[in-house]
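In the numbering used here, the protein residues as written are 48 to 116.
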């Protein structure tokens, strides 16, 4: 597989995972009344999940983005 395509797919999957996980956590926190829509708490939730996704993606990138010889 072309390394550029592989890289784009890798990033795309991580964006989908981040969005899904952050949205699920946000839903639970909104339902429990931890914060309201549009408040800093909501931004912190999405930002923290984003940071976690970046850290995991970088740590796991070597395993998934190896170039084939």
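We treat Cβ as the ideally placed atom computed from N, Cα and C, and that holds for glycine.
Can you tell me whether DSSP reads residue i as helix, strand or coil?
| i | result |
| --- | --- |
| residue 48 | coil |
| residue 67 | helix |
| residue 85 | coil |
| residue 112 | coil |
| residue 132 | Only positions 48 to 116 of the chain appear in the structure, and residue 132 is not among them; the question remains open. |
By the 10 Å Cβ neighbour count, where 16 or more other Cβ atoms means buried, how is residue i classified, buried or exposed?
| i | result |
| --- | --- |
| residue 92 | buried |
| residue 94 | exposed |
| residue 69 | buried |
For residue i and residue j, what's the separation of their Cα atoms in angstroms?
| i | j | result |
| --- | --- | --- |
| residue 110 | residue 104 | 10 angstroms |
| residue 96 | residue 81 | 17 angstroms |
| residue 107 | residue 113 | 11 angstroms |
| residue 55 | residue 75 | 30 angstroms |
| residue 60 | residue 52 | 12 angstroms |
Using 9 angstroms as the limit for Cβ to Cβ distance, is residue i near chain D?
| i | result |
| --- | --- |
| residue 49 | The question asks about chain D, but that chain is absent: this structure has only one protein chain. |
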